[in-house]
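Protein sequences appear in the order of chains S and V. If you read the first sequence in our numbering, its first letter stands for residue 1, the second for the next number, and so on. If you read the second sequence in our numbering, its first letter stands for residue 155, the second for the next number, and so on.
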Amino acid sequence: MFDDLRDLYQEVILDHGRKPRNFRRLEDADRGARGDNPMCGDRMELWLKMSPDGHIGDAAFQGRGCAISMASASLMTETVKGKTPDQAKDLGAKFRELAMTGTCPHCDGAIADDMERLTPLSGVHEFPSRVKCATLAWHTLNAALEGAKEATSE
Amino acid sequence: MMDALPTAVFDVQRIREDFPILSRPIRGKRLVFLDSGASAQKPRQVIEAMVRCMETSYANVHRGAYWLSEVATEAYEAAREAVARFINAPDPREVVFTRNSTEAINLIAHSWGRHVMRPGQAVLTSELEHHANLVPWQMLRDDGKGIELRICRVTDSGELDLEDLAQKLADGKVGLVALAHMSNVLGTVLPVARIAQMAHDAGAKLLLDGSQAAVHRKLDIQAIGCDFYVFTGHKLYGPTGIGVLWAKLEHLERMPPFLGGGDMISFVTLERSEWAPPPAKFEAGTPPIVESVGLHAAVDYVTAIGMDAIEAHERALVDHAMQVLPNLPGVSVLGRAQDRGGVFAFSLDAAHAHDLSTLLDRAGIAVRAGRHCAEPLHARFGVEAGTTRASFGLYTTKEEIDVLAEALIKAREFFA
């Protein structure tokens, strides 16, 4: 009945949705932000620990939401560790393009491996009402990096 | 003026033919529309009445001394009379057209709450309200007028806690009780006649939000004994953009206008104005003219089928859904009220409401996911993340509930 939805709900999404990685509070975080989708009730809190050389040393989150939003946050925390804030923001911009269009024409070169890790989420572009589920984590990351307290992807 | 209406015998397949959208395939599947609680689909009779109005009898109302304007004014006032009959209001002047239920409640909060209620009085609402019947009262409370806000509790089975209601009425300070006639999440139908008695015994007025109930039950506001009743056109198979505020004439006469402008005055100079009598006092500006014709057609449509027949059909659907849905693996239905209408909010253990609704959409099933404009109620039942809601209309069939049930079983397997 739902076979054609396997593109959206790939095994990696279901796995990260059920068992999100880095799903914990970072007690010694030095940056953080809350992300909210007030219309659907998705909510997350993201913490970042910066390393002395200015990279993202650790990233973790807690929250509640659909499989897409939890999987996206989980994959994001895995992906941004070790990145500079600018690199992380650039990945976020590319990811939003991927989520909205299903393709990412400028995703080769140095970021190719990272984007490939995020590609399982590209299926959301066929579901306009679900794109914001996938992008909430990245909006929240931007807010944390820019020192804002809250983000929304409404 | 009207097309041939369905006969009094309730034939759901015949009724479905009146709704053009129901024969439209969605994603290659037959549409199973289970979101009528958010907004109902429209029968041909409503659509055609509105088109006919615009094609043959449209002009602004209450203004022009020419034939078309007179015809349009007659149609607009005929809609008011039809609505008055529909709810058994004693006087059509008690029917005010608004944009929707939300605007009607805001009108009461503004005109009654801010100008008729006195400092030290309280508004009493409940945990099961749609935000439309909560937020305006929070705004009133925070407006520096000295109005308190009290919240009546809901029991674990999803009924209004009448003992709590009695306690919160006991000190006589409640000026207005504002409650949903039927919950848009739990389906609970409140014992409104009894509540009206309790409110009046405590010196309070009663406002009922009938957005859900007006669609499913025969309404008699005199038998209920309330003071204010509001509902919206678009859930009653009518158009968007028109709602109804009914209030006792004596209340409307005491209330100052909500919005100022044309059509609501009897006399204007540059210095001051005098208000027109109700209902015009509350209908500033050009009203929803075409929409009133659509609402009239909708009221005629459900009346011709018979609200009793609609209620009986929906009771059978509710009984069927109560047998099927709670017994599905992993499904828990919110609320176990004795008296309930065709609204079922539920959780599936394997999936978040949004993932589930995306799946159901693929099967052609339209349901609502989220908190249905009732966040506090979801918090009350510990389902902050939201629920999936199936809500029925007069065109809903038992087979559609079975299609939903089968899809829920498959969806659980999908996410397992």
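Yeah, the Cβ is synthetic: ideal placement off N, Cα and C, and Gly gets one too.
Item                                                                                                                         : Value
Beta-ladder partner(s) of V/Cys306, from DSSP                                                                                : V/Ser280
N-terminal and C-terminal residue of the alpha helix (DSSP H) that S/Asn142 is part of                                       : Val131 to Leu145
Per-residue contacts from V/Glu587 into chain S (C-beta, under 9 Å)                                                          : A question about residue 587 of chain V goes unanswered here, because the residues of chain V that appear run from 155 up to 570.
Extent of the continuous beta strand (DSSP E) to which V/Val497 belongs                                                      : Val497 to Leu502
Distance between V/Met409 and S/Asp15 (C-alpha atoms, nearest Å)                                                             : 59 Å
Any chain S beta carbon closer than 9 Å to V/Arg525                                                                          : yes
S/Asn142 versus V/Glu425 - alpha carbon distance                                                                             : 54 Å
Whole-number beta carbon distance between V/Ile555 and V/His474, since they are thought to touch under 8 Å                   : 6 Å
Contacting residues, own chain, Cβ-Cβ under 7 Å from S/Gly92 (five flanking each side not counted)                           : Trp138, Leu141 and Asn142
Contact residues within the segment 493-520 of chain V, judged by C-beta distance below 8 Å to chain A                       : Included in the structure are the protein chains S and V, with no chain A among them.
S/Asp90 versus V/Val384 - alpha carbon distance                                                                              : 51 Å
Beta strand (DSSP E) segment containing V/Arg217, residue limits                                                             : Unbroken run through V/Arg217: none, as it is neither H nor E.
Unbroken stretches of the alpha helix (DSSP H), 4 residues or longer, contained in the segment 424-491 of chain V            : 443-459 and 461-478
Min CB distance S/Cys107 to chain V below 9 Å                                                                                : no
Cross-chain neighbours of V/Ala561 in chain S, by beta carbon under 9 Å                                                      : Met1 and Phe2
C-beta neighbour in chain V for S/Phe61, strict 9 Å                                                                          : no
Sequence-distant residues of the same chain with beta carbon closer than 8 Å to V/Lys279, five excluded per side             : Note that residue 279 of chain V is Thr in the sequence shown here, rather than Lys. Answer for V/Thr279: Asn287, Leu288, Trp291, Leu303, Arg304, Ile305, Cys306, Val331, Ala332 and Leu333, listed in chain order.
Cut-off 6 Å between Cβ atoms - residues of its own chain near V/Ala276, not counting five sequence neighbours on either side : Glu302, Arg304, Lys327 and Val328
Chain V contacts made by the segment 123-149 of chain S, where a contact means CB separation under 9 Å                       : Phe127, Ser129, Arg130 and Cys133
3-residue-minimum beta strand (DSSP E) runs that sit fully inside the segment 25-107 of chain S, ordered along the chain     : 31-37, 42-50 and 56-64
V/Met155 to V/Phe240 span [Cα, whole Å]                                                                                      : Low confidence applies here, because V/Met155 scores a pLDDT of 47, under 50, leaving its location unreliable and the question unanswered by this model.
Neighbouring residues, chain V, relative to S/Leu5 (Cβ below 8 Å)                                                            : Thr512, Leu513, Arg516 and Phe568
Pair within 9 Å by beta-carbon distance, S/Leu48 and S/Ala29                                                                 : yes
Range of the contiguous alpha helix (DSSP H) that encloses V/Val289                                                          : Val289 to Arg295
Contact residues within the segment 88-106 of chain S, judged by C-beta distance below 9 Å to chain V                        : none
Reduced DSSP category for V/Phe412 - H, G, I as helix; E, B as strand; rest coil                                             : coil
Three-way DSSP call (helix, strand, coil) for V/Arg543 in this model                                                         : strand
Same chain, Cβ closer than 8 Å to V/Asn242, neighbours up to 5 away in sequence not counted                                  : Leu373, Asp374, Ile375, Gln376 and Ala377
Minimum Cβ-Cβ distance from V/Glu123 to chain S less than 9 Å                                                                : The structure shown does not extend to residue 123 of chain V, since chain V is modelled only from 155 through 570, so no value can be given for it.
Own chain residues within Cβ distance below 6 Å of S/Arg24, not counting five before or after                                : Ala60
Short CB-CB distance (under 9 Å) between S/Leu46 and chain V                                                                 : no
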